[in-house]
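All letters in the sequence shown, in the order written, are residues 17 to 156 by this note's numbering.
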Amino acid sequence: DVDLHSGRLTVRFGKGGTTAGVTMSEELLRNLRTLRQGLFPTGQASGFVLETRSRSHLYKRVERLWIDSYAQQGIEVPPFTKGVHGLRHHAGVTYARQTHDLRKVRDHLRHASMSSTEIYMAAADGTNEVRDWEIGFEED
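Laid out in structure tokens, this is it:
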């Protein structure tokens with residue numbers, strides 16, 4: 017669930033079937049508000065920004081947004097191979113690089129132990145797998 021007023025996401029049926037709240041970045045909040053305005057310019061919205069009822073539909077919707085974000089800028093679209101988990105991974109790596117605090121990353125990603133976060137981050141830092149995971153939006 018996306019709450020554009022509070023800037024929070026509620027992840028339902030996440031890893032291990034859990035439900036948890038996550039704070040959105042200002043960039044994500046700004047982009048979702050812009051998307052909603054484009055979808056519902058008269059202000060009569062359904063209440064949903066990215067409505068979906070299944071994982072496969074979510075994957076297809078996120079893939080469509082991936083493709084559109086590059087196409088709008090006239091940039092060649094890289095393959096969408098990491099799926100939704102790749103977005104989570106990218107967010108964790110980005111947050112770790114910004115904060116240099118693995119405890120904050122652990123809490124944000126809701127890892128049960130610090131060792132999970134350390135393994136996760138060590139693997140990401142040892143590869144270039146997240147370099148191509150820019151979503152294609154320009155900063156204003």
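Even glycine gets a Cβ: it sits at the ideal position worked out from N, Cα and C.
Fair warning: this is a prediction, and the values are worked out from it, not measured in the lab.
Checking contacts by CB at 9 Å: is Glu79 closer than that to chain B? The structure shown contains no chain B, having only a single protein chain.
So, Gly99 versus Leu125, is the Cβ gap smaller than 9 Å? Result no, Cβ atoms of Gly99 and Leu125 do not sit closer than 9 Å.
Ala36: which of His106, Ser129, Arg113 and Asp123 sits nearest, CA to CA? Checking every option, the nearest Cα to that of Ala36 belongs to Asp123.
Just mark Arg52 as buried or exposed, buried being the case when its beta carbon has 16 or more other beta carbons within 10 Å. Of the residues assessed, Arg52 falls on the buried side of the cut-off, its CB having 16 or more other CB atoms within 10 angstroms.
Local conformation of Arg113 per DSSP, three classes: In the structure shown, Arg113 falls within a helical segment according to DSSP collapsed to helix, strand and coil.
Between the beta-carbon of Val121 and the beta-carbon of Leu103, is there less than 9 Å? Not closer than 9 Å, so no.
Under the assumption that Gly23 contacts Leu45 (Cβ atoms under 8 Å), give the Cβ distance between them as a whole number of angstroms. Leu45 and Gly23 do touch by the CB rule: their CB atoms are close to 5 Å apart, below 8 Å.
Name the DSSP bridge partner or partners of Asp19? Paired residue(s): Arg24.
Beta-carbon proximity list for Gln114, same chain, < 7 Å, skipping 5 on both sides: Contacts found: none.
Ignoring anything shorter than 4 residues or poking outside the segment 34-59, list the alpha helix (DSSP H) runs there in chain order. Secondary structure in the segment 34-59: the alpha helix (DSSP H) runs of 4 residues or longer, each lying completely within the stretch, are 42-55 in chain order.
Residue from Leu81, Gln89 and Gln88 with nearest C-alpha to Phe96: Selected option, being the one with the closest Cα: Leu81.
Where does His73 fall in DSSP's three states? The three-state secondary structure of His73, taken from DSSP, is helix.
Tell me the residue span of the alpha helix (DSSP H) that contains Val93. Per DSSP, Val93 belongs to no alpha helix (DSSP H) and is neither H nor E.
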